[in-house]
Amino acid sequence: MHKSIEIDEKIFQDAVKFYGTIFNLPPLASKIYAYLLFDYEKVGITFDEFVEVLSASKSSVSTSISLLLNAELIVDHNKMDERKRYFFINDEYKKIRFEKIVQKMQAELKLLDDLDQFKKNHDDVYNERMEAYKVLLNKNIINIQESLNKL
1 MHKSIEIDEK IFQDAVKFYG TIFNLPPLAS KIYAYLLFDY EKVGITFDEF VEVLSASKSS
61 VSTSISLLLN AELIVDHNKM DERKRYFFIN DEYKKIRFEK IVQKMQAELK LLDDLDQFKK
121 NHDDVYNERM EAYKVLLNKN IINIQESLNK L
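Taking full-length UniProt numbering, the leading residue of the sequence shown gets 1, the next gets one more, and so forth.
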């Protein structure tokens, strides 16, 4: 079997399971993503290599690659003088992922503020806990944004 990259089977299986769950990916898409994690040299993996290494049909690999490209989890490039496409992990995805998390937390804060405006409830215990939760959200938003600036 031709392999341009070396993988560790256990780490590969752990990655397939982890990223399949985290990104809600079907099994083959998760395997493609996990396989690309081992491309440390950034040589890129071709469509044909995925078909061969993962023993999958061309249509299944094609569908999974499209899903990963649309989700911005991977990127593709053509090398000079070659028709083949090479696939890589999208290094920007870490940033994109946390930007999405920040957007969700900001949306939740806005919703909680809107609910507070509407509620007019004077349950001090509830209000204290809700304020503590909002502080937690705000601290995490600031922390993530500061860290994103370093990526």
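Note that CB positions come from ideal geometry on N, CA and C, so glycine has one too.
Remember, it's a predicted structure, so these values are computed and weren't measured experimentally.
- Looking from the CA of isoleucine 11, the closest CA among Ser66, Gln145 and Leu37 belongs to Leu37.
- Here asparagine 138 carries a helix assignment [DSSP, helix/strand/coil].
- When the beta-carbon positions are compared, tyrosine 126 and isoleucine 89 stay at least 9 Å from each other.
- Its chain contains Ile144 as the residues whose beta carbon lies nearer than 8 Å to that of isoleucine 101, once the 5 sequence neighbours on both sides are disregarded; these appear in chain order.
- Exposure of valine 135 is indicated by the presence of fewer than 16 other C-beta atoms within 10 angstroms of its C-beta.
- Phenylalanine 87 is bridged by DSSP to Ile45 and Asp76.
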